[in-house]
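One structure is given below, encoded as structure tokens.
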Amino acid sequence: MSDKRILDIIASPADLKLLSNEELSILAGEIRQEIVATTSKTGGHVASSLGAVEIILALHSLLDCPKDKIVFDVGHQAYAHKLVTGRLKDFGTLRTYGGLSGFPKPSESPYDVHYSGHASDSLSVALGLAEARDLAGADQKVVALIGDAALSGGMAFEALNNIGQAQTPMVIILNDNEMSISHNVGALMKHLGYMRASSQYRQARDNVQEHLESSGPVGKAITNFGRSMKESMKQFVIPHSMIFEQLGIVCTAPIDGHNIAQLRETLRAVLNADGPVLMHVVTRKGQGYMPAVRNPEKFHGIAPYNIATGEVIKSGKPSAPKYTNVFGKALVAEAESNADIVAITAAMKGGTGLDEFAEKFPERFVDTGICEEHAVGFAGGLAANGKKPVVALYSTFMQRAIDQMIINVALPKLDVVFAIDRAGIVGADGPTHHGVFDLVYARMVPNMRVLAPSNEAELVHALHTALAMGGPFAIRYPRGEGEGVPLPEAAEVLPEGKGRVVREGDDVAILAFGRMVGQALGAADTLAEQGVSARVVDMRWVKPLDVQAIQAAAETKLVVTVEEGVIAGGVGEGVLGEMARMGLHTPALNLGIQDAFVTQGGVGQLLHEQGLDAEGIAASVQERYRAL
Numbered sequence: 160m161s162d163k164r165i166l167d168i169i170a171s172p173a174d175l176k177l178l179s180n181e182e183l184s185i186l187a188g189e190i191r192q193e194i195v196a197t198t199s200k201t202g203g204h205v206a207s208s209l210g211a212v213e214i215i216l217a218l219h220s221l222l223d224c225p226k227d228k229i230v231f232d233v234g235h236q237a238y239a240h241k242l243v244t245g246r247l248k249d250f251g252t253l254r255t256y257g258g259l260s261g262f263p264k265p266s267e268s269p270y271d272v273h274y275s276g277h278a279s280d281s282l283s284v285a286l287g288l289a290e291a292r293d294l295a296g297a298d299q300k301v302v303a304l305i306g307d308a309a310l311s312g313g314m315a316f317e318a319l320n321n322i323g324q325a326q327t328p329m330v331i332i333l334n335d336n337e338m339s340i341s342h343n344v345g346a347l348m349k350h351l352g353y354m355r356a357s358s359q360y361r362q363a364r365d366n367v368q369e370h371l372e373s374s375g376p377v378g379k380a381i382t383n384f385g386r387s388m389k390e391s392m393k394q395f396v397i398p399h400s401m402i403f404e405q406l407g408i409v410c411t412a413p414i415d416g417h418n419i420a421q422l423r424e425t426l427r428a429v430l431n432a433d434g435p436v437l438m439h440v441v442t443r444k445g446q447g448y449m450p451a452v453r454n455p456e457k458f459h460g461i462a463p464y465n466i467a468t469g470e471v472i473k474s475g476k477p478s479a480p481k482y483t484n485v486f487g488k489a490l491v492a493e494a495e496s497n498a499d500i501v502a503i504t505a506a507m508k509g510g511t512g513l514d515e516f517a518e519k520f521p522e523r524f525v526d527t528g529i530c531e532e533h534a535v536g537f538a539g540g541l542a543a544n545g546k547k548p549v550v551a552l553y554s555t556f557m558q559r560a561i562d563q564m565i566i567n568v569a570l571p572k573l574d575v576v577f578a579i580d581r582a583g584i585v586g587a588d589g590p591t592h593h594g595v596f597d598l599v600y601a602r603m604v605p606n607m608r609v610l611a612p613s614n615e616a617e618l619v620h621a622l623h624t625a626l627a628m629g630g631p632f633a634i635r636y637p638r639g640e641g642e643g644v645p646l647p648e649a650a651e652v653l654p655e656g657k658g659r660v661v662r663e664g665d666d667v668a669i670l671a672f673g674r675m676v677g678q679a680l681g682a683a684d685t686l687a688e689q690g691v692s693a694r695v696v697d698m699r700w701v702k703p704l705d706v707q708a709i710q711a712a713a714e715t716k717l718v719v720t721v722e723e724g725v726i727a728g729g730v731g732e733g734v735l736g737e738m739a740r741m742g743l744h745t746p747a748l749n750l751g752i753q754d755a756f757v758t759q760g761g762v763g764q765l766l767h768e769q770g771l772d773a774e775g776i777a778a779s780v781q782e783r784y785r786a787l
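Numbering of the sequence shown is given in the working numbering, commencing with residue 160 and proceeding in unit increments.
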């Protein structure tokens, strides 16, 4: 008997149509084993992908992709999708440089519909696809797969309203696993939980099933039943009413998301409906791998780990504290002496280092769910009434709330601190997650002050400075370990708009921001060996800039700026603007992220690719210096 797996003979989704429900269930187990085996080496989004395997198999066994479209929300759950769409042989390269993306990526496969790296956008994209289909007179099926946490995002609600109004045929699969990155919060999550638990709802569900079984054409029956019975169901049967049906979207009863037969039976029905249908599927994150089941938050995004224990594999070398953890402890220390401090995050309590704060000051901690715009607007309201909110978000997600940063915080000059985590290159998650735009959007806003600490000690001082000075304030710091410098016993207020010279030199002045200070020092060492004396300045302040440091830099032969962000609109261009304003004509060189999206890979690898490691900086400076 052959040991060959079913998975090994799946060349495309068309092969799934030949399998029975029992064989698909066996395949689901094989896929889970493949996901665990691969991610234990590469790291990745394990829990969510394990939880969605049966949903993906059911979809691909009934749809005709890539003609039909599956739109993933975020894409954390898409590993099974990759494995059955011809990417098994490359799956071992997941999230590595030049390998498979950890998210759907249209340039990687025709089966991937859009770059799904941020939550709550799938319904809008899916509705656009469905409307384009109808305008072209085509017959594509369009399915959006969205998690319960992503459904709480404002963009998703906007789309639901539009979908209900348009009545465009499409299917929304609500993957209800009661988890985001942190535990779900909010009224919608309570509503879904009530639906799952209510005996009255279960009775209503059974009545719906009976009706479906006794009706004619199934799809038509679902739609007609949903529309004709909507009001009576809402008012008399289902407690608290069903929010989706109020919006004009037929909603199925909750079904077991790990039951292939039930999933396919329901999908056959809803795919033929003549209006929008929401299919409510209940799953379990980490299904099939007990460490991920026990700790789905840890396995949301995890580094390489031991399969037997689920523990992350340590490098063995002593490590410096992570910036995120340093921030979290520093904020706790500040809150102990200032009762007005309130910490806010958007479904990322652990990811932003706020676990200890939430435990010590639960009444002053707010998790808004995946609602970054609301988080910032909410912070503005708190500040307007005398509190000092600190909004901790990843740089890439802070992008979603630029309008609120401008209108609700900066315009009224409110005391809000933006703790922008994961600033700069973040690594394996790739272009949707790199934090390379915050220097631009933070410095462009009037009344905003911006600090870019160069190490973990500077981060402690930066937070203290922001809280002490007040007003709109942004602090940006990278993912991962610090520089290994001692943490201060007492935080200090940094002089506004003043950097610090960390290395003297006469030939070249390197004005470095944030993590780039360490790389600039390494470059200065290399340049010294080549006969070039380089001054290195830790600029500290992105806004206001240290004009005296810029003037002093202009006394050398070459002014170099180095930032871990996009050059276009970045702080380097701000330095050039100051030089022009002061009439300084010293040759200058701006180093940063070029005008292209950064791929995935190790942080060091990507910094090297961008010419932002010590070697690359030294080479660029030397080339320009010799050309003077």
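From the three backbone atoms N, C-alpha and C, an ideal C-beta is built for every residue, glycine too. Predicted model, so just to flag it, every value in this text is computed and none were measured.
Between Y274 and T591, which are expected to be in contact by the criterion C-beta below 8 Å, what is the C-beta distance as a whole number of angstroms?
6 Å
Cα-Cα separation between E782 and A649, rounded to whole angstroms
43 Å
As a quick exercise: from T504, P521, A773, G510, pick the residue whose alpha carbon is nearest that of M537.
The sequence given here has Phe at residue 537, not Met. Residue T504 is the option with its Cα nearest to F537.
Alpha helix (DSSP H) runs contained entirely in the stretch 535-592, provided each spans 4 or more residues:
554-557
How would you call K444, buried or exposed, if buried means at least 16 neighbouring beta carbons within 10 angstroms?
buried
Contacting residues, own chain, Cβ-Cβ under 7 Å from E100 (five flanking each side not counted)
The structure shown has nothing for residue 100, since the chain only spans 160 to 787.
Cα separation between A295 and I584?
41 Å
Between the C-alpha atoms of G510 and A297, what's the straight-line distance to the nearest angstrom?
43 Å
Determine, using beta carbons only, whether A309 and A285 come nearer to each other than 7 Å.
no
Using C-beta distances below 6 Å, list every residue in its chain close to L175, excluding the 5 sequence neighbours before and after it, in chain order.
H219, S220
For A708, which three-state DSSP category applies?
helix
Go to R146, then tell me how far its beta strand (DSSP E) extends in each direction, as first and last residue.
Beyond the ends of the chain as shown, which are 160 and 787, falls residue 146; an answer cannot be given.
Just the Cα atoms here: how many angstroms apart are V212 and I190?
8 Å
Would you call the CB atoms of V595 and G733 closer than 7 Å?
no
Can you tell me which residues form a DSSP beta bridge with T720?
L670, N749
Mind checking which residues open and close the alpha helix (DSSP H) that includes T197?
180-201
Check this for me: beta carbons of V485 and E404, under 7 Å apart or not?
no
Who are the Cβ neighbours of T327 in its own chain at under 7 Å, not counting the five residues just before and after it?
L286, A289, E290, D293, P435
Extent of the continuous beta strand (DSSP E) to which F632 belongs
632-635
Pull the bridge partners of N866 from the DSSP assignment, please.
Look at the range of the chain in this structure, 160 to 787, and you will see that residue 866 is not part of it.
State buried or exposed for D167, treating a residue as buried only when at least 16 other CB atoms are found within 10 Å of its CB.
exposed
Which residues does DSSP list as the beta-bridge partners of E140?
The structure shown does not extend to residue 140, since the chain spans only 160 to 787, so no value can be given for it.
Under a three-way DSSP split, which group does I466 fall into?
coil
For my contact list, V696 and V667 are in at a C-beta cut-off of 8 Å; report their separation, rounded to the angstrom.
Not really, about 11 Å apart at Cβ, beyond 8 Å.
Tell me the residue span of the alpha helix (DSSP H) that contains A788.
No information on residue 788 is available, as it lies outside the stretch 160 to 787 that the chain covers here.
Along the chain, where does the beta strand (DSSP E) containing V609 start, and where does it finish?
608-610
Starting from the N-terminal side, write out each stretch of the alpha helix (DSSP H) that is 4 residues or longer and does not extend beyond the stretch 236-296.
238-242, 281-295
Curious, which full-length beta strand (DSSP E) runs of at least 3 residues does the stretch 485-523 contain?
500-504
Best match in A633, Q678, W700, P645 for proximity to R694 [C-alpha to C-alpha]:
Q678
D223 burial status per 10 Å Cβ neighbour count (16 or more: buried)
exposed
Sequence-distant residues of the same chain with beta carbon closer than 6 Å to V525, five excluded per side:
I503
Alpha carbon to alpha carbon, how far is K702 from L610? Give it in angstroms, no decimals.
7 Å
Would A627 and A601 be called neighbours here (beta carbons separated by less than 7 Å)?
no
Segment contact flag, the stretch 681-691 with the stretch 644-659, C-beta cutoff 8 Å, min 3 pairs
no
K176, DSSP secondary structure in three states
helix
Pull up the distance between the alpha-carbon of S260 and that of F672, whole angstroms please.
29 Å
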